[in-house]
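Each remark here refers to the structure printed beneath this line.
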Amino acid sequence: MKTTGSTFRFRTLAMTAALGGACLGMLAPEASAQESRRRRGGAEAAKPVELTAEHVGLLTKIADERRLNVDDLLAAAKTFMPSGRHDEYVLFSSGGQSGQVFAIGVPSMRLLRSIAVFTPESWQGYGFSGDNDHVAESLKIMGKPVLWGDTHHPALSETGGEYDGEWLFIGDKANARVAVIDLRDWETKQIVKNPLTISDHGAAFVTPDTEYIVEGGQYATVLGYGYAPPEQYKEAYRGMVTLWKFDRVKGRIDEARSFALELPPYWQDLADAGKRASDGFIFINSFNAEMAAGGVERGEPPFEAGASKRDMDYLHIIDWRKAEAAFKAGKAKAINGFPVIMLETSVAEGLLHFAPEPKSPHGVDITPNGQFIIVAGKLDPHVTVYSIDRVKRAIAEKKFSGQDAYGVPILDFDAVKEVQVELGLGPLHTQFDDKGYAYTSLFLDSAVARWTLGGEYESLNSDRPWKLVQKTPVQYNIGHLSAAEGDTVSPDGRYLISMSKWSVDRFLPTGPLLPQNFQLLDISQPGATMPVIYDMPLGVGEPHYCQMIKADKLKTWKVYPEVGWNPHTQRLDPNAPRQGQEGVTRSGDHVLVNMTAVRSHFHPEHVEVNEGDTVTWRITAVETAQDATHGFCIGAYNINLSLEPGEFAEFTFVADKPGTYPFYCTEFCSALHLEMMGYFHVKPKAVSATDADEASGAVVAR
Amino acid sequence: MSRLLAAIVGPRVPEDELRARRARYLAPTLTLMLARLLLLVSVFLPYWHMELVAPQYPNGLFLTAHVSHLSGDVREIDGLNHYIGMRPLGEAAAFERAAAVWAILAMFLLVEGAAFVHSRWATLLALPAATFPIAFLVDLHLWMRTFGLNLDPDAPLSSSVKPFVPTVIGEGGIGQFRTFADLGVGFWLAAASSALTIVGFYFHRRAYRPLTLRAGAERTGRAA
Ligand SMILES: [Cu+2]
């Protein structure tokens, strides 16, 4: 390396001498920047593997001892990541009831980190910032804290139908909320609560340029959190789909430019936005077209029977561009202050059509070219494939087989259906690869089905179109699956995740509550070869959907761009204390603490207030080195922050508990981490009244 | 007075002599012009680099010294140095860094002036520019030595890191760090400028010394 350095220097020198002149001065910054990026201990170049007889012997011995077969050894070779080597893909997974998002590296299946979204999370200091914490505020529903969420479907932002690696959205089924995560710092920036419905399911899905984030509902209610007895189900209960407008520049959902469509009280299920050939449409499955109102306690059939009586439910086909135009033309009505395009408007404007679909379907997924809409049967062994050309023609030619109770036209099934493919029991969700295959999860069969697409995909493999090719067993009860960029306009193939909901015997027993099983399948070979190559236990919630993005698309920050950065506003905060500005000031009974944190001390180290004071505490982590993270906690006051390099944080609370509270750094930041502490002194009212002026070593607020 | 000035500035070259032996008189002028230019350009380029490598800094830390300022991971290095009780780098050579650009401008002008002085005094004017690179290195070494040897005895790591003299060029080590220091493009330009100044003055003396001698002889002749 030293030689390279000096060669470079001499070359530069020669060039310098040759060029001479003032232009050199302009070249200088570039040259020096290059020089400073020079590395001495570069990564070792990969050498071709040569297995000697001795190696083979050793491998055989290990394999025998550990009872591994050749497939196991190959699976290990495909997934093992040597220390320091980075995964090729990042899987952003819903965290189910944990209310979080998990990021997992593929193919190693190593959990990289969690991202707190709907649930306070102490490591990230998410929701532990005192009384007016903006996180805690964002977690309130109707003024009261709701401290968990049921994260279901993550959606990476898209440009032209491709993941662009900038934003991640995720829906909370339990509370009908959608969150916005900034993938520069992997932190939640916004949570919006749907003003119409209590719970949802079809969130989040994005339109091809992330114009809108789709939040489809699930259980019909009276829109706007209203009340009506179950006897008035058909008249008063309604479904809905909300189109949240995303403002990329602000990095926020713009609630003022968002709107919803009222839908019949069928239970809307999964959704997907059309792309390419089907761009401009949103597709939403539904079940309970029966409009069963349940009531097992009154001798009525339970929902599970009542809602699955009919042979057909309705695939909702929504022309969102037309709906947007209707909204902008003022054709929406306000419910709970939120604009809703009512059903009669949708019917009159031709915004909504239904296509019959086999009963109680689950996933609706669009092929990469946007041509085919694939509906999985759940209670039907087929997937039903619709073609967008047929749908468009049927709408244009008004090929209706009737209309539903609310006047929504129902397209003729045979006119819009391309084909039905029998795959097995319990088909739920479908993903795609780059070789003309579709992959469908079979919940009851506990298998992943690989099958062939037709149309332009026919030529991509040697298998006949619209046929089941392979079923790989997974363990067990697969829900969603996710192929590498497998729901975009250009899937990568290669890897597929089976999100198996039951693990039963796959891992050591962990009490009656068992982890989920994320299984990695190698889908790089065509035909029947599609082995499971890794089982990853995930014992932190029951995830639903996940998306797998090529890691190099992410533009993740290594540290915050500047010291004093406010991650909430994503800019330098004018209130961030800089070094030299530390101190404690009082105005009335309000105390302002300006603090800096740097390895390995807080400044100031003693903060003294009077019982009952309102304390606003500002801390800047004066660090620029990667991973030089500090924490800050005050025990008994429920305060804990994560202060990542450069980060500024502020919190306010009432010092209502007198006493002496050590505060300390909660991240092992340095050799003197344990010394990185201080004392927060809260003088009891009686004492502070008598000796308020007594001198002490502490920084007393005056 | 004007006599003294004339003695310092030295004799002018007669027109016919200049025409007859153009190269002889042009050589020092051009060489010194290039020397001045290189010295000036070096202000914009780094004189010295140090890279520090430790297990927890796999991408290394960098320190770059220009004549007028320090850049790179100064904050991080200062942060680490406080554990061993070393003073912040910004306190080192503050005067030198503040004066450097002016000093180089002055050297530039001195060499400029020297080109017009045809007496032996010219050598004196060129001396600062010729010795500047050496002076830079010596100064750097002395500051590092001062900083390394005067660690705060109460620093957290004073029991495991004893006072030391950091390595100015080449490989060194302190604590868990290996240090690699070398000279930058700016330094090499200054060194080249120094070399050209010396060469230039060789040409300079070769061209003008005979004139000075002749002028001296003429003066003595007239006086006699
Ligand atoms: Cu710390």
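Keeping their order, the protein sequence lines are chains A and B.
Residues in the first sequence are numbered consecutively from 1, following this note's numbering.
Residues in the second sequence are numbered consecutively from 1001, following this note's numbering.
We treat Cβ as the ideally placed atom computed from N, Cα and C, and that holds for glycine.
Of the residues the options, the one placed nearest residue i, counting alpha carbons only
i	options	result
Leu-1189 of chain B	B:Val-1067, B:Phe-1062, B:Arg-1019 and B:Arg-1214	B:Val-1067
Asn-1081 of chain B	B:Phe-1177, B:Val-1199, B:Ile-1104 and B:Phe-1203	B:Phe-1177
Val-708 of chain A	A:Tyr-163, A:Asn-288, A:Ala-256 and A:Ala-323	Beyond the ends of chain A as shown, which are 1 and 702, falls residue 708 of chain A; an answer cannot be given.
Asp-247 of chain A	A:Glu-231, A:Glu-262, A:Tyr-212 and A:Arg-464	A:Tyr-212
Ile-703 of chain A	A:Gly-295, A:Ile-318 and A:Ser-278	Given that chain A is displayed from residue 1 to residue 702, the structure contains no residue 703 of chain A and the question cannot be resolved.
Val-178 of chain A	A:Val-117, A:His-134, A:Arg-571 and A:Pro-229	A:Val-117
Pro-662 of chain A	A:His-590, A:Met-677, A:Phe-518 and A:Cys-546	A:Met-677
Ala-1020 of chain B	B:Gly-1010, B:Phe-1132, B:Pro-1088 and B:Ala-1207	B:Ala-1207
Val-408 of chain A	A:Tyr-439, A:Lys-399 and A:Phe-354	A:Phe-354
Asn-461 of chain A	A:Gly-479, A:Lys-435 and A:Leu-442	A:Lys-435
Met-291 of chain A	A:Val-474, A:Pro-230 and A:Val-489	A:Pro-230
Phe-1187 of chain B	B:Gly-1216, B:Val-1161 and B:Leu-1137	B:Leu-1137
Asp-389 of chain A	A:Gly-363, A:Ala-289, A:Ala-277 and A:Thr-345	A:Ala-277
Cys-669 of chain A	A:Ala-649, A:Asp-656 and A:Ser-642	A:Ser-642
Ser-482 of chain A	A:Gly-350, A:Gly-202, A:Ser-199 and A:His-153	A:His-153
Residue i vs residue j beta-carbon contact at 8 Å
i	j	result
Pro-339 of chain A	Phe-413 of chain A	no
Pro-358 of chain A	Gly-424 of chain A	no
Ile-705 of chain A	Leu-514 of chain A	Residue 705 of chain A lies beyond the residue range present for chain A, which begins at 1 and ends at 702; the question has no answer from this structure.
Ala-550 of chain A	Tyr-89 of chain A	The sequence shown places Lys at residue 550 of chain A, not Ala. Contact flag set, yes.
Leu-444 of chain A	Phe-372 of chain A	no
Thr-652 of chain A	Thr-614 of chain A	yes
Thr-620 of chain A	Thr-596 of chain A	yes
Gly-143 of chain A	Val-135 of chain A	no
Leu-411 of chain A	Leu-352 of chain A	no
Thr-1179 of chain B	Leu-1089 of chain B	no
Ile-115 of chain A	Thr-210 of chain A	no
Lys-378 of chain A	Pro-361 of chain A	yes
Ser-441 of chain A	Gly-479 of chain A	yes
Leu-183 of chain A	Leu-168 of chain A	yes
Arg-599 of chain A	Gly-1060 of chain B	no
Ala-228 of chain A	Glu-215 of chain A	no
Val-101 of chain A	Ile-181 of chain A	yes
Asp-433 of chain A	Gly-370 of chain A	no
Cβ-Cβ separation, residue j to residue i (assumed contact under 8 Å), whole Å
i	j	result
Leu-1140 of chain B	Ile-1084 of chain B	Rounded, the Cβ-Cβ distance is 20 Å, inconsistent with contact.
Gly-646 of chain A	Thr-624 of chain A	6 Å
Glu-422 of chain A	Val-385 of chain A	Between Val-385 of chain A and Glu-422 of chain A the Cβ distance is about 12 Å, and since that is not below 8 Å, they are no contact.
Ser-286 of chain A	Asp-311 of chain A	Not quite, the Cβ-Cβ distance comes to about 14 Å (not below 8 Å), so this is no contact.
Ala-1191 of chain B	Pro-1133 of chain B	5 Å
His-316 of chain A	Asp-365 of chain A	Incorrect: roughly 15 Å between the Cβ atoms, too far for contact.
Met-530 of chain A	Glu-485 of chain A	About 18 Å separates the two Cβ atoms, so there is no contact after all.
Phe-1164 of chain B	Ala-1092 of chain B	So it is not a contact: roughly 15 Å between Cβ atoms.
Leu-1196 of chain B	Ala-1035 of chain B	4 Å
Cβ-based neighbour list, residue i, same chain, cut-off 8 Å, excluding 5 preceding and 5 following
i	result
Glu-30 of chain A	For Glu-30 of chain A, the predicted structure reports a pLDDT of 38, less than 50, and the residue's modelled location is therefore unreliable. The matter cannot be settled from this model.
Asn-336 of chain A	Pro-195, Leu-196, Leu-223, Gly-224 and Tyr-225
Own chain partners of residue i with C-beta closer than 6 Å, once the 5 adjacent residues on each side are dropped
i	result
Tyr-406 of chain A	Pro-264 and Leu-343
Ser-138 of chain A	Ile-191
Ile-634 of chain A	Tyr-661, Phe-663 and Phe-680
Own chain residues within Cβ distance below 7 Å of residue i, not counting five before or after
i	result
Ser-36 of chain A	With a pLDDT of 42 at Ser-36 of chain A, under the threshold of 50, the predicted position of this residue should be treated as unreliable, and no value is reported.
Gly-659 of chain A	Val-682
Gly-539 of chain A	Thr-510 and Pro-515
Phe-1203 of chain B	Ala-1027, Pro-1028 and Thr-1031
Glu-255 of chain A	Val-192
Gly-130 of chain A	Ile-639, Phe-651, Thr-652 and Phe-653
Cys-23 of chain A	Because the pLDDT at Cys-23 of chain A is just 36, under 50, the model does not fix this residue reliably, and the value given afterwards should be weighed accordingly. None.
Arg-450 of chain A	Tyr-437, Tyr-439, Val-469, Gln-470 and Met-530
Ala-415 of chain A	Arg-390, Ala-394 and Lys-399
Pro-1011 of chain B	His-1118, Leu-1211, Thr-1212 and Ala-1215
Within-8 Å CB hit, residue i to chain E
i	result
Val-598 of chain A	Protein chains in the displayed structure are A and B, and chain E is not among them.
ask   = Which whole runs of the beta strand (DSSP E) in the segment 523-561 of chain A are 3 residues long or more, in chain order?
value = Runs found: 532-538 and 546-550.
task = Counting only runs of 4+ residues fully inside the segment 341-424 of chain A, write out the alpha helix (DSSP H) ranges in chain order.
result = 343-349, 388-396 and 413-416
task = Jot down the residue ranges of each uninterrupted alpha helix (DSSP H) in the segment 223-269 of chain A, minimum 4 residues, whole runs only, in chain order.
result = 233-236
request  = Report the residue ranges of all alpha helix (DSSP H) runs contained in full by the segment 1028-1116 of chain B; include only those spanning at least 4 residues, in chain order.
outcome  = 1074-1084 and 1094-1116
inquiry  = My parser needs the beta strand (DSSP E) runs of 3 or more residues fully inside the segment 134-197 of chain A; what are they?
reply    = 151-159, 162-172, 177-182 and 187-193
key: Every unbroken beta strand (DSSP E) within the segment 619-652 of chain A, with a cutoff of 3 residues, ordered by chain   = 630-634 and 639-643
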